[in-house]
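A.B. asks:
Numbering (our numbering), first residue to last: 7 to 330.
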C-alpha cells in the first residue's frame with residue numbers, strides 16, 4: 007500500500023467556498039459561516055480527484071509521530087495563534103474584506119509564545135527566519151506529549167514510551183468489515199499523522215468508553231477507507247451523507263495520487279454532525295493487545311484494560327468497555 011499524505015496543513019475543500027453572515031455551526035466564536043458552492047475547486051481537478059482514494063474524515067484531534075529525546079514520540083497539534091490585540095485587528099480586517107487574504111502580520115510581535123519544544127508543521131513558510139501564519143492567522147505546529155502534562159493527558163493515555171507502543175485503531179488485516187484495536191510500535195508510525203478519538207475528545211461523537219472508564223485510540227490518517235464512495239458532485243454527496251449507511255461520517259478526505267489532500271465535511275454542505283449513530287461507532291471490533299499488566303508498568307490504565315480484553319470481539323466499536 008502506498009504511503010498516504012500526512013495532515014500537516016489545512017486541507018482545501020473539494021468545492022469553492024463562500025462566506026455567509028451567520029454564526030458558524032462548527033466554531034462557537036465565529037460569526038460567519040464558510041459554506042460550499044456547487045462549483046468544484048480547480049485544485050481538485052488538477053489533482054485528478056476522480057482517481058483519488060476516498061477515506062473517512064475523523065472527528066478528533068490531530069497528532070504526529072516523530073523523534074524526541076532520541077526515540078519515537080507522539081506530538082500533539084498546537085497552532086501558534088495571535089495575541090488578543092492582533093486577533094482583534096485580524097477579525098476586523100476579515101469582517102471588512104470578507105476574506106483573510108492580504109492581511110499583514112508582524113510575526114515577532116503578534117503571536118503568543120509557545121513551549122520551547124514546539125516545532126512548526128511541514129511546509130510552513132518562513133520569512134526572515136520566522137514561520138509565517140497561514141491565511142487563517144495560525145502557524146500550524148506540534149509539541150511532544152509528555153506523560154506529566156495534564157493538558158495532554160488523553161494523548162498520553164494511548165502511548166507507553168517505556169514499551170515504545172501506541173494504541174491504534176485500524177482495519178483488520180483478516181476482515182475489512184472489522185476494526186482492530188492493537189498495540190503498535192511507535193517506530194512503525196514514524197512521520198505519520200494520526201487522529202486521536204475517544205471519550206474526552208470533541209464531544210465523543212463515536213460513543214467510545216464512559217466517564218468512569220474513558221477510551222481513546224489513535225487512527226492513522228487515510229486508514230479508514232470509504233467503500234463505494236459517491237461521485238464528486240454536490241447533490242450526490244449531499245444525498246450520500248443523508249441516505250447511505252456509509253455516509254454517517256463527519257466527512258471525506260481524498261488522497262490524490264500526487265500527494266494532494268482534498269476534503270469535504272458535513273458543515274460545508276449545511277448538514278448536521280453528529281447526526282445519530284456513526285458508521286465508525288457501529289463497526290465490529292476485535293481487541294488484539296497481547297502482554298501482561300506488568301509489561302505496562304501498572305500505570306497505563308488503557309493498555310492494562312485492553313490486555314484483559316485481548317482476543318475479545320465486539321459487534322460495535324462503541325461496545326468496547328471496561329466498566330461492565
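In this text, a Cβ means the ideal position worked out from N, Cα and C, and glycines have one as well.
Please read all numbers here as calculations on a predicted model, not as lab measurements.
(1) Along the beta strand (DSSP E) that carries residue 278, what are the first and last residues, could you check?
(2) Would you identify the three-state DSSP class for residue 58, choosing helix, strand or coil?
(3) In three-state DSSP terms, what is residue 70?
(4) How far does the alpha helix (DSSP H) with residue 102 in it extend, from its first residue to its last?
(5) Between which two residues does the beta strand (DSSP E) containing residue 40 stretch?
(6) Looking only at its own chain, which residues have a Cβ that is under 7 Å from the Cβ of residue 53, when we skip the five neighbours before and after it?
(7) Residue range of the alpha helix (DSSP H) that residue 314 falls in?
(8) Note down the Cα distance separating residue 101 from residue 73, rounded to an integer number of angstroms.
(9) Going by beta carbon distance, what residues of the same chain come within less than 6 Å of residue 220, once the five residues before and after it are set aside?
(10) In angstroms with no decimal places, state the Cα-to-Cα distance between residue 4 and residue 177.
(11) My guess is that residue 89 and residue 118 are in contact by the Cβ rule of under 8 Å, so how many angstroms apart are they, rounded?
(12) Starting from residue 19, follow its DSSP beta bridges and name the residues at the other end.
(13) With H, G and I counted as helix, E and B as strand and the rest as coil, what does DSSP make of residue 204?
(14) So, residue 67 versus residue 202, is the Cβ gap smaller than 8 Å?
(15) Let me make sure I understand the geometry here. Which of 315, 281, 162, 314 has the alpha-carbon closest to that of residue 247?
(16) Determine the extent of the alpha helix (DSSP H) in which residue 240 is found, giving its start and end residues.
(17) What is the residue span of the alpha helix (DSSP H) that residue 113 lies within?
(18) May I ask which residues mark the beginning and end of the alpha helix (DSSP H) holding residue 162?
(19) I'd like to check one pair, residue 15 with residue 92: are the Cβ atoms closer than 8 Å?
(20) Counting contacts by CB-CB distance shorter than 8 Å, is residue 99 in contact with chain B?
(21) Ends of the beta strand (DSSP E) at residue 177?
(22) Between which two residues does the beta strand (DSSP E) carrying residue 226 extend?
(23) Could you check which residue in 293, 326, 242, 121 has the C-alpha nearest to that of residue 189?
C.D. replies: By the coordinates alone:
(1) Within the chain shown, the letter at position 272 stands for residue 278. That residue, residue 278, is in no beta strand (DSSP E); it is neither H nor E in DSSP.
(2) Here residue 58 corresponds to residue number 52 of the chain shown, with the count starting at 1. Of the three classes helix, strand and coil, the one that applies to residue 58 here is coil, per DSSP.
(3) Translated into positions along the chain shown, residue 70 becomes position 64. Of the three classes helix, strand and coil, the one that applies to residue 70 here is strand, per DSSP.
(4) Mapped onto the chain shown, residue 102 falls at position 96. Start and end: 90-103.
(5) Indexing the chain shown from 1 puts residue 40 at position 34. From DSSP, the beta strand (DSSP E) with residue 40 extends over 39-46.
(6) On the chain shown, position 47 is the one that residue 53 refers to. Answer for residue 53: 262, 264, 266, 268, listed in chain order.
(7) Taking the chain shown and counting its residues from 1, the one referred to as residue 314 is at position 308. First-last of the alpha helix (DSSP H) with residue 314: 307-314.
(8) Along the chain shown, read from residue 1 onward, the residue named residue 101 stands at position 95. Along the chain shown, read from residue 1 onward, the residue named residue 73 stands at position 67. Here the alpha carbon of residue 101 sits roughly 41 Å from the alpha carbon of residue 73.
(9) Counted from its first residue, the chain shown places residue 220 at position 214. These residues qualify, in order along the chain: 205, 206.
(10) The requested residue 4 is not part of the displayed model; the chain covers only 7 to 330.
(11) Here residue 89 is taken as the residue at index 83 of the chain shown, counted from 1. Here residue 118 is taken as the residue at index 112 of the chain shown, counted from 1. Their Cβ separation, rounded to whole angstroms, is 5 Å, which keeps residue 89 and residue 118 in contact under 8 Å.
(12) Position 13 of the chain shown, counted from the start, is the residue given in the question as residue 19. Partner(s): 269.
(13) Taking the first residue of the chain shown as position 1, residue 204 is located at position 198. Looking at residue 204 - three-state DSSP - the assignment turns out to be strand.
(14) Taking the chain shown and counting its residues from 1, the one referred to as residue 67 is at position 61. Taking the chain shown and counting its residues from 1, the one referred to as residue 202 is at position 196. Yes, the pair counts as a contact, with Cβ atoms nearer than the cut-off.
(15) Stepping through the chain shown from its first residue, residue 247 is reached at position 241. Out of 315, 281, 162, 314, 281 has the C-alpha closest to the C-alpha of residue 247.
(16) Here the question's residue 240 lines up with position 234 in the chain shown. Element bounds for residue 240: 240-249.
(17) Counting from one through the chain shown, the residue named residue 113 turns up at place 107. Membership of residue 113 in the alpha helix (DSSP H) is indicated by the continuous run 113-116.
(18) Locating residue 162 in the chain shown gives position 156, where the first residue counts as 1. Segment 159-162, the alpha helix (DSSP H) holding residue 162.
(19) Locating residue 92 in the chain shown gives position 86, where the first residue counts as 1. Locating residue 15 in the chain shown gives position 9, where the first residue counts as 1. Contact: no.
(20) Here there is only one protein chain, and chain B is not present.
(21) As a position in the chain shown, residue 177 is number 171, starting the count at 1. For residue 177, the enclosing beta strand (DSSP E) starts and ends at 171-177.
(22) If you number the chain shown from 1, residue 226 lands on position 220. Residues 222-226.
(23) In the chain shown, counting from the first residue as 1, residue 189 sits at position 183. It is 293 whose Cα lies nearest to the Cα of residue 189.
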